[in-house]
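**Q** Please read through the structure below; I'll follow up with questions.
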Amino acid sequence: MKRTITHLADGRELIYFDRRDDADRSAIDRRPLEPRPPASELRYDPLTEEWIAIAGHRQTRTFLPTGGTAECPLCPSTDERSTEIPSYDYDVVVFENRFPSFSGNLGTYEDVGGLSEVRPGVGRCEVVCFTSDHDSSFSRLSDDQVELVMEAWADRTAELSAIEGVEQVFCFENRGEEIGITIAHPHGQIYAYPYVTPRTKLQLGAAQRYKGNLFADVLAAERAAGTRVVATNELWTAFVPAAARWPFEVHVYPHRQVPDLAALTEAERAAFAPLYTSVLRAFDGLFGVVMPYISAWHQAPVRTGRELAYLHLELFSIRRAPNKLKYLAGSESAMGAFVNDVRPEEAARMLRSQIDH
Ligand SMILES: [Zn+2]
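What follows is the structure in structure tokens.
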């Protein structure tokens, strides 16, 4: 693997991850770009003890085109058109988001009154292009390509964890128009947060109170029960959690407890690729239409709870039937109290029947 760091016209970092050692990454970004906006401000909600990022500048971001390769900002550049990626081809590329919620570019932040503490949204947001092929999808990447993406995630996790003020690194993919994705090009994002996220805090709090190893016991119990297992191999298991919140939700665990993606072995990365893409294809096979989904890597925080944490991926879709989406309405949005219309055992059975062998 070859890693080449370069910079875009407005100073943002861009990193190529290449399979070939002789890839030429000398292309320069010649676009006239506006200066980067400052980071958002963080405001503390004393009622829920959560930080909320207020990113006013994101309202003004250009609404990204829905068109094909002719307008796509994530396709490689050509002689006629300059995109976010100066090179004429790439394997996997990562760059700093142009309109980030968190960044090192700090503005000025005033006291806003009330009980809310305000501080700058230190951190970083990056975009990961999974392939240069606009019309592909993660589910159709080759195993080699998935492994390269995983190397990029691991690299970014290690690098971003080293930034002063960063407390947690989150690699994720939002897919589908129903999730609000306006660029069809296969890509994901990485957020380096200046705090530990609410869901991670909850999970690690539960792990702390539990007598034993909570994550390992959940995995062992699901493997023993078997009724909700969707796919498994020597090193990974994918299962629908017993108390799934979403109509179609799958958690993917390595059999060995590691804190983050950077700690996976080459063998674990290699074993993850075919298992995960088969689960994604099973999602698409359910109703014969593209499944919108959110795929979220849960990694240990940078400084706290690392010995408790257990790297795993949580994948879920908001589609519950061919023409029906699950919306977060009153109970979920206002109270955080989920109601799921699909029995997890039935969801697992449906997904299993779509796994290609
Ligand atoms: Zn594209």
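When you read off a place in the sequence shown, starting at 1, and then add 122, the result is the number in this note's numbering.
Built from N, CA and C at the ideal position, the CB exists for glycine as well.
Count the other C-beta atoms from every protein chain shown that fall within 10 angstroms of the C-beta of I150, then say buried if there are 16 or more, exposed otherwise.
**A** By one-based count along the sequence shown, residue 150 stands at place 28. Exposed, since its Cβ has fewer than 16 Cβ neighbours within 10 Å.
**Q** Taking the continuous beta strand (DSSP E) assigned at L397, which residues delimit it?
**A** Position 275 of the sequence shown, counting from 1, holds the residue named residue 397. No beta strand (DSSP E) contains L397, which is instead part of the alpha helix (DSSP H) from 388 to 409.
**Q** Spell out whether any CB of chain D is found under 8 Å from the CB atom of I174.
**A** Structure shown: chain D not included; a single protein chain is present.
**Q** What is the C-beta distance between V291 and I312, in whole angstroms, given that I count them as a contact (C-beta under 8 Å)?
**A** Counted from its first residue, the sequence shown places residue 291 at position 169. Counted from its first residue, the sequence shown places residue 312 at position 190. Rounded, the Cβ-Cβ distance is 7 Å, consistent with contact.
**Q** Excluding the 5 residues flanking V461 on each side, which residues of the same chain have their C-beta closer than 8 Å to its C-beta?
**A** On the sequence shown, residue 461 is found 339 positions in, with the first residue counted as 1. If we look at V461 and ignore the five residues flanking it on each side, its Cβ neighbours are S453, E454.
**Q** Can you name the residues that DSSP bridges to I207?
**A** Here the question's residue 207 lines up with position 85 in the sequence shown. Looking at the DSSP assignment, I207 forms a beta bridge with P198.
**Q** Do H256 and ligand 1 come close, with the Cβ less than 7 Å from some heavy atom?
**A** As a first step, residue 256 is located in the sequence shown; it is residue number 134 there, counting from the start. Yes, the Cβ of H256 comes within 7 Å of a heavy atom of ligand 1.
**Q** State the beta-bridge partners of V374 as determined by DSSP.
**A** The residue you call residue 374 lines up with position 252 of the sequence shown. Partner(s): A360, L435.
**Q** From T253 to S199, what does the alpha carbon distance come to, in whole angstroms?
**A** As a working mapping, residue 253 is identified with position 131 in the sequence shown. As a working mapping, residue 199 is identified with position 77 in the sequence shown. Approximately 14 Å, taken between the alpha carbons.
**Q** Taking Cβ positions, are Q379 and F337 nearer each other than 8 Å?
**A** As a position in the sequence shown, residue 379 is number 257, starting the count at 1. As a position in the sequence shown, residue 337 is number 215, starting the count at 1. Cβ atoms of Q379 and F337: closer than 8 Å.
**Q** Ligand 1 and L263: does any heavy atom of the ligand fall closer than 7 Å to the residue's C-beta?
**A** Taking the sequence shown and counting its residues from 1, the one referred to as residue 263 is at position 141. No, Cβ of L263 sits at least 7 Å from all heavy atoms of ligand 1.
**Q** Residues in its own chain within less than 8 Å of E239 by CB, not counting five upstream and five downstream?
**A** Against the sequence shown, residue 239 aligns to sequence position 117. Result list for E239: R165, Y166, in chain order.
**Q** Quick one: which unbroken beta strand (DSSP E) runs of 3-plus residues sit fully inside the region 289 to 326? Chain order, please.
**A** Counting only runs of 3 or more, we get 290 to 297, 309 to 315.
**Q** Taking the alpha helix (DSSP H) that T349 falls in, what are its first and last residues?
**A** Against the sequence shown, residue 349 aligns to sequence position 227. Premise fails: T349 is in no alpha helix (DSSP H) and is neither H nor E.
**Q** Counting Cβ pairs closer than 8 Å, one from the region 393 to 409 and one from the region 257 to 266, do we hit at least three?
**A** Touching, yes, given that three or more Cβ pairs across the two stretches are closer than 8 Å.
**Q** If I'm right that V216 touches L270 with Cβ under 8 Å, what's the distance once you round it to whole angstroms?
**A** As a first step, residue 216 must be located in the sequence shown, where it is residue number 94. As a first step, residue 270 must be located in the sequence shown, where it is residue number 148. Not really, about 11 Å apart at Cβ, beyond 8 Å.
**Q** Kindly list the residues whose CB is nearer than 6 Å to the CB of T128, restricted to its own chain and excluding five residues on each side of it in sequence; keep chain order.
**A** As a working note, residue 128 is residue 6 in the sequence shown. Excluding positions up to five away in sequence, the list reads L136.
**Q** If we ignore side chains and look at the alpha-carbon of each, how far apart do E171 and T191 end up?
**A** Residue 171 sits at position 49 when you count from the first residue of the sequence shown. Residue 191 sits at position 69 when you count from the first residue of the sequence shown. Going from the Cα of E171 to the Cα of T191 covers about 43 Å.
**Q** Which residue comes first and which comes last in the beta strand (DSSP E) that contains T126?
**A** Translated into the one-based positions of the sequence shown, residue 126 becomes position 4. That run of the beta strand (DSSP E) goes 124 to 129.
**Q** Just to confirm, does T191 get its C-beta within under 7 Å of one of the non-hydrogen atoms of ligand 1?
**A** By one-based count along the sequence shown, residue 191 stands at place 69. Yes, since a heavy atom of ligand 1 falls inside the 7 Å radius drawn around the Cβ of T191.
**Q** Name the residue from A392, P444, P168, A384 whose alpha carbon lies nearest to the alpha carbon of T279.
**A** For the purposes of this step, residue 279 is identified with residue 157 of the sequence shown, where counting begins at 1. Checking every option, the nearest Cα to that of T279 belongs to A384.
**Q** So the beta strand (DSSP E) E135 belongs to, where does it begin and stop?
**A** Position 13 of the sequence shown, counted from the start, is the residue given in the question as residue 135. Residues 135 to 140.
**Q** Indicate the three-state DSSP secondary structure (helix, strand or coil) for A418 in the structure shown.
**A** To locate residue 418, count along the sequence shown from 1; it is residue 296. Three-state result, A418: strand.
**Q** Note down the Cα distance separating D144 from W275, rounded to an integer number of angstroms.
**A** For the purposes of this step, residue 144 is taken as residue 22 along the sequence shown, with counting starting at 1. For the purposes of this step, residue 275 is taken as residue 153 along the sequence shown, with counting starting at 1. Their Cα atoms are separated by approximately 22 Å.
**Q** On the CB-based measure, 16 or more other CB atoms within 10 Å of its CB, does S148 come out buried or exposed?
**A** As a working mapping, residue 148 is identified with position 26 in the sequence shown. Classification for S148: exposed.
**Q** Leaving aside the five residues before and after T399 along the sequence, list all residues of the same chain whose C-beta is less than 6 Å from its C-beta, in chain order.
**A** Translated into positions along the sequence shown, residue 399 becomes position 277. Excluding positions up to five away in sequence, the list reads S261.
**Q** When the Cβ atoms of the region 339 to 355 are set against those of the region 443 to 451, are three or more pairs found closer than 8 Å?
**A** Short answer: they don't touch.
**Q** Determine contact between the region 309 to 329 and the region 356 to 363, defined as no fewer than three beta-carbon pairs at a distance below 8 Å.
**A** Taking 8 Å as the limit for Cβ pairs, the verdict is that the region 356 to 363 does not touch the region 309 to 329.
**Q** For R331, tell me which candidate among G458, R152, L430, L435 has the shortest Cα-Cα distance.
**A** Position 209 of the sequence shown, counting from 1, holds the residue named residue 331. Closest option to R331, Cα to Cα, is L430.
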